[in-house]
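Remarks on the structure that follows.
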Amino acid sequence: MPPLLLLAGVLCTGAYAAPADTLGLAGEVNAQIVHRHMREEAHAFAAAFNGSTMMPEDIPAGCKAQMREAVTGMYAAMTEHLKAGIEEPEYQRVLEQQLASVYSSDQLQAFLARAADTDTDRAALSAEVLSGPGLKDIEEAQMQKIVDGMDEKSSSSPSLAAALRAASAAKAACDRLQTDAG
Numbered sequence: 004m005p006p007l008l009l010l011a012g013v014l015c016t017g018a019y020a021a022p023a024d025t026l027g028l029a030g031e032v033n034a035q036i037v038h039r040h041m042r043e044e045a046h047a048f049a050a051a052f053n054g055s056t057m058m059p060e061d062i063p064a065g066c067k068a069q070m071r072e073a074v075t076g077m078y079a080a081m082t083e084h085l086k087a088g089i090e091e092p093e094y095q096r097v098l099e100q101q102l103a104s105v106y107s108s109d110q111l112q113a114f115l116a117r118a119a120d121t122d123t124d125r126a127a128l129s130a131e132v133l134s135g136p137g138l139k140d141i142e143e144a145q146m147q148k149i150v151d152g153m154d155e156k157s158s159s160s161p162s163l164a165a166a167l168r169a170a171s172a173a174k175a176a177c178d179r180l181q182t183d184a185g
């Protein structure tokens, strides 16, 4: 490659890159506001759907232990899958780059100052941060990727796929037991 073309490529790449301080601030905004809120949501999911809370009441006594184990395993695997999707480095990198290109250093610092206020509604602040151009699209694409992986045929999370198959098998066994008894 001729040196002039190489230099032009480097200059073009640099023209679209956010300044280092803005990218650093974008990383802080992501960590302290957006990512933190997403982690809190994942924690709430784990607390709300802990297997025992999601058991149907009409399960035959002979199935309860097997179903409880399968459902608990399924929700544990779903929670881990959700956390892995939220923590995915490529997703974090793309989100931070977009934050740095959408917001100025001053705007990012203002978000951080508001996040430091204990009276700030973190969910609302996270939504405000994500209201910038392209940011919600990045988040929604990642959430869709996570949802698409919640399938027993998906290869993105083998442990989740196995847990979903185990829950389906336990339900099928219980259905057979109910049919045979009924």
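The opening residue of the sequence shown carries number 4 in our numbering; numbering runs sequentially from there.
Glycine included, every Cβ here is placed at the ideal spot set by N, Cα and C.
A quick note: this is a predicted structure, and the numbers were derived from the prediction, not measured.
Coarse secondary structure for residue i, derived from DSSP in three states
i: cysteine 66; result: coil
i: serine 107; result: coil
i: lysine 139; result: helix
i: leucine 102; result: helix
i: aspartate 24; result: helix
i: glycine 76; result: helix
i: methionine 153; result: coil
i: leucine 133; result: coil
i: glutamate 44; result: helix
i: phenylalanine 114; result: helix
i: aspartate 120; result: coil
i: aspartate 178; result: helix
Within 7 Å, strictly: CB atoms of residue i and residue j
i: alanine 176; j: alanine 73; result: no
i: leucine 111; j: leucine 28; result: yes
i: cysteine 66; j: leucine 180; result: yes
i: leucine 102; j: isoleucine 141; result: no
i: alanine 49; j: threonine 82; result: yes
i: leucine 115; j: glutamate 31; result: yes
i: valine 132; j: valine 37; result: yes
Cutoff 7 Å; reference residue i; Cβ partners in own chain excluding five residues on either side
i: isoleucine 62; result: Met70 and Cys177
i: histidine 40; result: Arg125, Ala126 and Ser129
i: glutamine 35; result: Leu115 and Ala118
i: glutamate 155; result: Ala164, Leu167, Arg168 and Ser171
Spatial neighbours of residue i in its chain, beta-carbon cut-off 8 Å, leaving aside the 5 residues before and after
i: alanine 80; result: Ser160, Ser162, Leu163, Ala165, Ala166 and Leu167
i: glycine 135; result: Gln101, Leu102, Val105 and Tyr106
Per-residue burial, residue i [other beta carbons within 10 Å of its own, 16 or more giving buried]
i: threonine 182; result: exposed
i: threonine 25; result: buried
i: alanine 170; result: buried
i: alanine 127; result: exposed
i: alanine 118; result: buried
i: alanine 11; result: With a pLDDT of 40 at alanine 11, under the threshold of 50, the modelled position of that residue is not reliable, and the figure given next carries that caveat. Flag for alanine 11 reads exposed.
For residue i, the nearest candidate out of the options (CA to CA)
i: leucine 94; options: Ser158, Glu143 and Ile36; result: Inspection of the sequence shows that residue 94 is occupied by tyrosine rather than by leucine. Here the closest residue by C-alpha is Glu143.
i: methionine 146; options: Gln35, Ile89, Ala118 and Ala127; result: Ile89
i: glutamate 91; options: Met153, Lys148, Asp154 and Lys156; result: Lys148
i: alanine 51; options: Arg117, Ala127, Tyr78 and Pro136; result: Tyr78
i: glycine 152; options: Thr123, Ala113, Ala64 and Ala87; result: Ala87
Sequence-distant residues of its chain with Cβ nearer than 6 Å to residue i (five each side left out)
i: aspartate 109; result: none
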